[in-house]
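Heads up: the sequence shown begins at 1183 in the numbering used here, then just goes up one per residue.
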Amino acid sequence: AKRFPDRQLVVIGHSMGGAAGVLAAAEGAPIDGLVLIAAPCDVVRVTGEYLSDKGLPGRFIVNLVRPFWWRRVGGTFRSLTPTRRIRELDIPLLLIQPEHDGRVVREHADLLAKAAQTDYRLIPDREHTDVLKDSLTLRFVLEFLEDV
């Protein structure tokens, strides 16, 4: 934003990058628009689910880390919850969700959209990563960029 003050800054984040975009914007980063692609509504929840999918006790590990996190950073996991923080944003927002995402399931998009009081675009027959190369995803992003 400082290097190009006459241009709009739009952050496009996939998965945890989308969650990070929400958190950065809520913390005051100079963002003029935000695109979330297959973004989790709750970083802690999706981390636990990921660990569980890998055969580890995900929920247990997340709960074990919780008190150490608070002491280390001086804050709670609540500040890392995109559904809570997205309500603080007053910037254009595009939510994109792949239809068959097994990593960040559609419920995440439902909850983010509800919290942001907007809709999301569903990309048919796509999964968590192949949504990035879909022509419909590209079309939605380009249309969004034209409007910002």
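Just so it is clear, CB atoms sit at the ideal spot from N, CA and C, and this is done for glycine as well.
L1216 is a Cβ neighbour of G1203, given a cutoff of 8 Å. Under the 10 Å beta carbon count, D1283 is surrounded by 16 or more other beta carbons and is classified as buried. Taking each of D1214, K1184, D1188, I1194 in turn and checking the Cα distance to V1330, the smallest one comes out for D1214.
Excluding sequence positions up to five before and after P1222, its CB lies within less than 8 Å of the CB of S1197, M1198, G1200, A1201, V1228, P1264, V1286, H1290, all in the same chain and listed in chain order. Taking Y1232 as the centre and dropping the five residues before and after it, the same chain places the C-beta of G1240, R1285 closer than 8 Å to its C-beta, in chain order. In the structure shown, G1195 adopts extended strand secondary structure according to DSSP, grouped into three states. As DSSP reads the structure, P1280 sits in a beta bridge with I1305.
In the assembly as shown, A1295 is a buried residue. Its beta-carbon has 16 or more other beta-carbons within 10 Å. By the Cβ neighbour-count rule, Q1279 is buried, with 16 or more other Cβ atoms within 10 Å of its own. Restricting attention to A1220, L1218, I1219, L1246, the CA atom closest to the CA of G1230 is found in L1246.
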